[in-house]
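In this note's numbering, the protein residues as written are 8 to 226.
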Amino acid sequence: MEFREFGDRRSVQRPNLEAVDLEEHPGLFKGFVDLATVVVAGGDHRGIQSEGKIAYASLTDVGLSETHIQPLQLADVAMVHCDLSNARWHDVEMARAELDGCRAVGMDLEGKFDDLYAVDTRFDLMSLQRKRGRAWTVFERCSFKDAVLGGSFDQVIFRDCDLSGAEFEATSARGADVRGSRLDGVRGLMTLRGATLDADQAREVAEQLAAEAGFVVAP
8 MEFREFGDRR SVQRPNLEAV DLEEHPGLFK GFVDLATVVV AGGDHRGIQS
58 EGKIAYASLT DVGLSETHIQ PLQLADVAMV HCDLSNARWH DVEMARAELD
108 GCRAVGMDLE GKFDDLYAVD TRFDLMSLQR KRGRAWTVFE RCSFKDAVLG
158 GSFDQVIFRD CDLSGAEFEA TSARGADVRG SRLDGVRGLM TLRGATLDAD
208 QAREVAEQLA AEAGFVVAP
């Protein structure tokens, strides 16, 4: 087992793809999907409707924009440069999944995520509803401009992300960490009680927090 470490005993388990032999597969995502131990490279599956599970899989440059998938189980899956724009994925269960350089603008995502790591991925304008999981979720250098982010943010790290204009509707945020991320125009900060900010961020959002708490901020 390999882990990505984020300090203070926080880590994300990586997909276990080295222990299995992966075979090339055309990636048929329509209808009931049951993919395991596969490598899928390329292919445009825009707008399909399906359900199922994907395990021990490497997906690269796969087009899944505007897809409707419900329910979906992802376990030990790495997605690189995939297009998930405007996709609607509900009742999702992810475990040991990675997204690297993907495009998920306008995605509607709802589910439970354990050991999820996303890096350099665009989630602008997305709608996220996260159920409480048992392991960490980490977003690194991701963009969430004008996104709506709801549900449990316990054990979620936003590292060096752009959260400009995002709206939080968090039900809990124990252990959440947004240090190093951009918070311009973020709404719903009061719902992130328990999250860790750095000192510069605290000064930056002080006026917004005061307004959300009901204070009148006079010039």
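The beta carbon of each residue, even a glycine, is placed where N, CA and C say it ideally should be. As the structure is a prediction and not an experimental result, all values here were calculated from the model.
* To do: Please report how far the alpha carbon of Ala111 lies from the alpha carbon of Phe146, in whole angstroms.
  => Your numbering for residue 111 matches position 104 in the sequence shown. Your numbering for residue 146 matches position 139 in the sequence shown. Their backbone Cα atoms lie some 13 Å apart in a straight line.
* Got a sec? Which residues, its chain only, sit under 7 Å from Glu219 by beta carbon, not counting five neighbours each side? -> Locating residue 219 in the sequence shown gives position 212, where the first residue counts as 1. Counting only Cβ-Cβ distances below 7 Å, and skipping sequence neighbours, we find Leu196 and Met197.
* To do: Give a yes or no on contact between the region 172-179 and the region 134-153, applying the rule of three or more CB pairs nearer than 8 Å.
  => yes
* Asked: Can you round the beta-carbon distance between Val40 and Leu66 to whole angstroms, since I take them to be within the 8 Å contact cut?
  -> Locating residue 40 in the sequence shown gives position 33, counting from the first residue. Locating residue 66 in the sequence shown gives position 59, counting from the first residue. The Cβ separation is near 12 Å, so there is no contact.
* Can at least three beta-carbon pairs, one atom from the region 8-20 and one from the region 45-60, be found at a separation below 8 Å? -> no
* Alpha carbon of Arg141 to alpha carbon of Arg53, nearest angstrom -> As a first step, residue 141 must be located in the sequence shown, where it is residue number 134. As a first step, residue 53 must be located in the sequence shown, where it is residue number 46. Near 32 Å, if we compare the C-alpha coordinates of Arg53 and Arg141.
* Smallest Cα separation from Ala183: which of Gly221, Leu79 and Ala202? -> On the sequence shown, residue 183 is found 176 positions in, with the first residue counted as 1. Checking every option, the nearest Cα to that of Ala183 belongs to Ala202.
* Within 10 angstroms of the Cβ of Glu105, are there 16 or more other Cβ atoms? Answer buried if so, exposed if not. => What you label residue 105 is simply residue 98 of the sequence shown in a count that begins at 1. It counts as buried.
* Asked: Per DSSP, which one or two residues make a beta bridge with Glu31?
  -> Taking the sequence shown and counting its residues from 1, the one referred to as residue 31 is at position 24. Glu31 is bridged to Val46.
* Asked: Within 10 angstroms of its Cβ, does Arg200 collect 16 or more other Cβ (buried), or is it exposed?
  -> Residue 200 sits at position 193 when you count from the first residue of the sequence shown. The residue is exposed, with fewer than 16 neighbouring Cβ atoms inside 10 Å.
* Start and end of the alpha helix (DSSP H) containing Leu216? -> Numbered from 1 along the sequence shown, position 209 holds the residue referred to as residue 216. Looking at the DSSP string, the run of the alpha helix (DSSP H) that includes Leu216 is Ala206 to Glu219.
* Is DSSP giving Leu71 helix, strand or coil here? -> As a first step, residue 71 is located in the sequence shown; it is residue number 64 there, counting from the start. Three-state result, Leu71: coil.
* To do: Check whether the Cβ atoms of Glu117 and His97 sit closer than 8 Å, and answer yes or no.
  => Along the sequence shown, one-based indexing puts residue 117 at 110. Along the sequence shown, one-based indexing puts residue 97 at 90. Going by C-beta atoms, Glu117 is nearer than 8 Å to His97.
* Asked: So Phe130 packs on Phe160, CB below 8 Å; how close in whole Å?
  -> In the sequence shown, the residue the question calls residue 130 occupies position 123. In the sequence shown, the residue the question calls residue 160 occupies position 153. So it is not a contact: roughly 14 Å between Cβ atoms.
* Is DSSP giving Leu135 helix, strand or coil here? -> By one-based count along the sequence shown, residue 135 stands at place 128. Of the three classes helix, strand and coil, the one that applies to Leu135 here is strand, per DSSP.
* Beta-carbon proximity check, Asp127 vs Gly113, cutoff 8 Å -> The count along the sequence shown starts at 1 and reaches residue 127 at position 120. The count along the sequence shown starts at 1 and reaches residue 113 at position 106. No, the pair does not count as a contact, with Cβ atoms beyond the cut-off.
* **Nearest-angstrom Cβ-Cβ length linking Leu216 and Leu190, presumed shorter than 8 Å** => Taking the first residue of the sequence shown as 1, we reach residue 216 at position 209. Taking the first residue of the sequence shown as 1, we reach residue 190 at position 183. With 8 Å as the limit, Leu216 and Leu190 do not qualify as a contact, their Cβ atoms being about 11 Å apart.
* To do: Keeping to the same chain, check which residues put their C-beta closer than 7 Å to that of Gly70; ignore five residues upstream and five downstream.
  => In the sequence shown, counting from the first residue as 1, residue 70 sits at position 63. So the list reads Gly50, Asp51, His52, Arg53 and Asp90, once near-sequence residues are dropped.
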